[in-house]
Amino acid sequence: MRLLLPFIIVLFLAACNNNSPDVSNIKVDLPVERYDKLVYSIDTNNVADGLKKVYVQQPGFTNAFIAQVLQLHEPYSDTSKILQEAMRSFLTHTQQLKDSVWQKFDKNTEWTKGVENGLKYVKYYFPQYKLPKLIGFIGDLTGREILTQDGLAIGLDYYMGKDFSYYLIPEVQTQIPTYLSRRFSVEYLPTNCMQAVIDDLYPDTSFSKPLIEQMVEKGKRYFVLDKFLPKTNDTLKLQYTKDQLNWCYKNEKDIWKFFLDGDLLYSTDPSTSNFVSEGPSTQGMPQDSPGNIGLFVGWRIVQKYVEKHPDITIQQLMKTSSKEIFNAAKYKPS
Numbered sequence: 059m060r061l062l063l064p065f066i067i068v069l070f071l072a073a074c075n076n077n078s079p080d081v082s083n084i085k086v087d088l089p090v091e092r093y094d095k096l097v098y099s100i101d102t103n104n105v106a107d108g109l110k111k112v113y114v115q116q117p118g119f120t121n122a123f124i125a126q127v128l129q130l131h132e133p134y135s136d137t138s139k140i141l142q143e144a145m146r147s148f149l150t151h152t153q154q155l156k157d158s159v160w161q162k163f164d165k166n167t168e169w170t171k172g173v174e175n176g177l178k179y180v181k182y183y184f185p186q187y188k189l190p191k192l193i194g195f196i197g198d199l200t201g202r203e204i205l206t207q208d209g210l211a212i213g214l215d216y217y218m219g220k221d222f223s224y225y226l227i228p229e230v231q232t233q234i235p236t237y238l239s240r241r242f243s244v245e246y247l248p249t250n251c252m253q254a255v256i257d258d259l260y261p262d263t264s265f266s267k268p269l270i271e272q273m274v275e276k277g278k279r280y281f282v283l284d285k286f287l288p289k290t291n292d293t294l295k296l297q298y299t300k301d302q303l304n305w306c307y308k309n310e311k312d313i314w315k316f317f318l319d320g321d322l323l324y325s326t327d328p329s330t331s332n333f334v335s336e337g338p339s340t341q342g343m344p345q346d347s348p349g350n351i352g353l354f355v356g357w358r359i360v361q362k363y364v365e366k367h368p369d370i371t372i373q374q375l376m377k378t379s380s381k382e383i384f385n386a387a388k389y390k391p392s
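In structure tokens form, the structure reads like this:
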């Protein structure tokens with residue numbers, strides 16, 4: 059018993075520090091529809107009729123699929139020869155990818171559990187929000203999460219595991235380098251889905267604003283993500299590696315100094331977008347830094363603000379301007 063006591067204390071403290079609400083009694087009905095099954099049932103010798111059947115069952119997502127996957131700038135039309143030929147070509151050249159995806163996901167429904175749990179928190183914090191159903195599809199790496207009137211569509215081909223042979227094809231790596239495909243595993247799926255929900259709740263309009271406001275906006279959105287996935291590791295939510303996150307903590311003061319010395323905080327120059335976008339590392343910083351480092355800075359600023367306003371709700375925080383949050387946080391890492 060004496061040997062177990064420290065372990066019990068650690069568990070007790072961890073439980074005390076977990077301020078997330080109990081959502082165990084919240085019921086979430088999460089139907090899963092496989093759009094890919096519909097699509098691959100199309101006879102390539104009679105694409106027009108097959109497409110019509112697909113459209114009748116999933117009109118909203120079919121138009122999204124046409125735009126984002128087939129990359130055609132026109133809605134569904136049962137007379138479009140261009141659409142029919144594009145679908146025929148897609149079905150033909152993705153057969154091997156389809157076989158791999160079906161082998162992984164057909165008998166495995168575990169991938170939905172993390173999303174379901176996240177949606178319980180969504181329902182807790184936003185009881186009036188209409189929870190989406192899940193739609194599985196294959197998009198040949200052209201669409202990951204797409205939220206439409208039909209539901210939250212998930213590109214299953216993005217979650218085959220970082221060592222999936224298709225990701226390692228040189229032509230694919232040209233478009234999707236390893237620093238991105240390392241995150242193409244099921245453990246990232248709940249984070250990506252909750253980010254899609256957050257985008258639906260609070261569309262990001264900060265793109266043309268000063269850099270500091272863009273960073274704080276990212277921090278606000280991370281605050282919401284953390285509420286929806288309180289038990290998910292920060293590395294999955296920030297989408298940094300463990301080493302990258304440790305580097306950020308260790309060098310937080312120097313990161314902030316970099317932005318101050320470069321007079322970057324209030325810049326609206328398009329070149330500053332690299333601080334709030336994906337990359338193998340951050341331009342101008344050591345190779346050990348993560349890309350999208352503005353997310354870390356914004357998150358830390360929002361943390362400081364919330365420390366001073368511990369009772370603030372998600373809705374109140376998201377209504378507070380990023381400029382006001384930054385000024386009130388008095389962020390100054392030491």
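To get the numbering used here, take the position in the sequence shown, counting from 1, and add 58.
Every residue gets a Cβ at the ideal spot worked out from N, C-alpha and C, and that includes glycine.
This one's a predicted model, so the numbers in the text were calculated from it and none came from an experiment.
Measuring only the C-alpha atoms, how far is residue i from residue j?
{"i": "D221", "j": "H367", "result": "44 Å"}
{"i": "P288", "j": "Q302", "result": "21 Å"}
{"i": "G172", "j": "C251", "result": "10 Å"}
{"i": "T200", "j": "S392", "result": "42 Å"}
{"i": "N291", "j": "P348", "result": "17 Å"}
{"i": "G213", "j": "D257", "result": "17 Å"}
{"i": "P185", "j": "S264", "result": "26 Å"}
{"i": "D87", "j": "P190", "result": "9 Å"}
{"i": "V282", "j": "N385", "result": "20 Å"}
{"i": "T206", "j": "G176", "result": "19 Å"}
{"i": "F317", "j": "L323", "result": "6 Å"}
{"i": "K390", "j": "W314", "result": "8 Å"}
{"i": "Y246", "j": "T120", "result": "25 Å"}
{"i": "D136", "j": "W160", "result": "28 Å"}
{"i": "Q361", "j": "F354", "result": "10 Å"}
{"i": "K278", "j": "S138", "result": "44 Å"}
{"i": "K311", "j": "K300", "result": "19 Å"}
{"i": "L305", "j": "L238", "result": "According to the sequence provided, residue 305 is Trp. The question's Leu does not apply to it. Each residue's Cα considered, the two are about 19 Å apart."}
{"i": "Y260", "j": "M218", "result": "29 Å"}
{"i": "A211", "j": "L96", "result": "14 Å"}
Quick one, which of the options has its alpha-carbon nearest residue i's?
{"i": "E174", "options": "S82, K388 and N332", "result": "S82"}
{"i": "P248", "options": "P261, N309 and K295", "result": "K295"}
{"i": "R240", "options": "N385, T293, Q154 and D312", "result": "T293"}
{"i": "M376", "options": "E310, E271 and D312", "result": "E271"}
{"i": "K111", "options": "F286, E275, G118 and I100", "result": "I100"}
{"i": "M397", "options": "Q161, Y363 and F123", "result": "The structure shown does not extend to residue 397, since the chain spans only 59 to 392, so no value can be given for it."}
{"i": "I140", "options": "P117, A106, D164 and K156", "result": "A106"}
{"i": "Y183", "options": "Q374, K95 and L155", "result": "Q374"}
{"i": "D208", "options": "E275, D164, Y93 and Y246", "result": "Y93"}
{"i": "V230", "options": "L130, L155, T102 and K308", "result": "L155"}
{"i": "S331", "options": "M273, W357, I359 and K388", "result": "M273"}
{"i": "Q253", "options": "Q233, L96 and K276", "result": "K276"}
{"i": "Q129", "options": "G118, Q116, F148 and Q115", "result": "F148"}
{"i": "G337", "options": "K388, T236 and E143", "result": "T236"}
{"i": "F195", "options": "Y179, V180, Y224 and D164", "result": "D164"}
{"i": "F242", "options": "D262, Q297 and K178", "result": "Q297"}
{"i": "T371", "options": "K95, F286, Y98 and K267", "result": "F286"}
Could you check what DSSP says for residue i in three-state terms: helix, strand or coil?
{"i": "F265", "result": "coil"}
{"i": "G356", "result": "helix"}
{"i": "N75", "result": "With a pLDDT of 40 at N75, under the threshold of 50, the predicted position of this residue should be treated as unreliable, and no value is reported."}
{"i": "R279", "result": "helix"}
{"i": "M334", "result": "Reading off the sequence, residue 334 comes out as Val, not Met. Reduced to three states, the DSSP call for V334 is helix."}
{"i": "L149", "result": "helix"}
{"i": "L177", "result": "helix"}
{"i": "L61", "result": "The predicted model places L61 with a pLDDT of 40, which falls under 50 and marks its position as unreliable, so this point remains unresolved."}
{"i": "L296", "result": "helix"}
{"i": "Q129", "result": "coil"}
{"i": "G172", "result": "helix"}
{"i": "F242", "result": "coil"}
Applying the criterion that 16 or more other CB atoms from any shown protein chain within 10 Å of the CB defines a buried residue, is residue i buried or exposed?
{"i": "T170", "result": "buried"}
{"i": "S27", "result": "Residue 27 falls outside the range modelled here, since the chain spans only 59 to 392, and no answer is possible."}
{"i": "S380", "result": "buried"}
{"i": "P133", "result": "exposed"}
{"i": "L226", "result": "exposed"}
{"i": "T167", "result": "exposed"}
{"i": "N350", "result": "buried"}
{"i": "G342", "result": "exposed"}
{"i": "D215", "result": "buried"}
{"i": "P328", "result": "exposed"}
From what residue to what residue does the alpha helix (DSSP H) around residue i run?
{"i": "V90", "result": "First-last for V90: V90 to R92, but that is the beta strand (DSSP E), not the alpha helix (DSSP H)."}
{"i": "I383", "result": "S380 to A387"}
{"i": "I212", "result": "Note, I212: premise wrong, no alpha helix (DSSP H); beta strand (DSSP E) at G209 to G213."}
{"i": "S239", "result": "T236 to S239"}
{"i": "K315", "result": "E310 to D319"}
{"i": "I124", "result": "P117 to Q126"}
{"i": "K377", "result": "I372 to K377"}
{"i": "I256", "result": "L247 to L259"}
Where do the ends of the beta strand (DSSP E) carrying residue i lie?
{"i": "L287", "result": "Element bounds for L287: n/a, residue is neither H nor E."}
{"i": "I204", "result": "E203 to T206"}
{"i": "G342", "result": "Unbroken run through G342: none, as it is neither H nor E."}
{"i": "F195", "result": "L192 to F195"}
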